[in-house]
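One structure below.
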Amino acid sequence: MTIESKQIETISVQQLCLLLRSLGMKVSEVTLSSGIQQGVYPFAHCIVTDKGNRRFEVFKKLLDQWIEERVTT
């Protein structure tokens, strides 16, 4: 597989929140955003721009691995 045919799949914090809630995790977008910014979650990064805006990158492959390590059923 060549580099041109690969993709880095990301999802939004909103999608992340919905997914984790569907798996039974009680969490809000605010809590997830803060946790990502603080480095709590290994599957995402927060980039703070010069204007102070936050931009989140949630990596689907890393998220899937994180979920698999924690899922109970």
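In the working numbering, the protein residues as written are 145 to 217. Using N, Cα and C, we set each Cβ at its ideal position, and we do this for glycine too. Since the structure is predicted, the reported quantities are computational estimates derived from the model, not experimental observations.
Sorting Phe200, Val171, Leu167 by C-alpha distance to the C-alpha of Gly183 places Phe200 at the top. Taking one beta carbon from each stretch, the segment 167–180 and the segment 194–213 have 3 or more pairs nearer than 8 Å; the two touch. Cα atoms of Lys205 and Thr216: separation of roughly 19 Å, rounded to the nearest angstrom. In terms of Cβ geometry, Val202 and Ser149 do not form a close pair [threshold 8 Å]. Restricting attention to Arg214, Glu213, Asp208, Ser166, the CA atom closest to the CA of Ala188 is found in Asp208.
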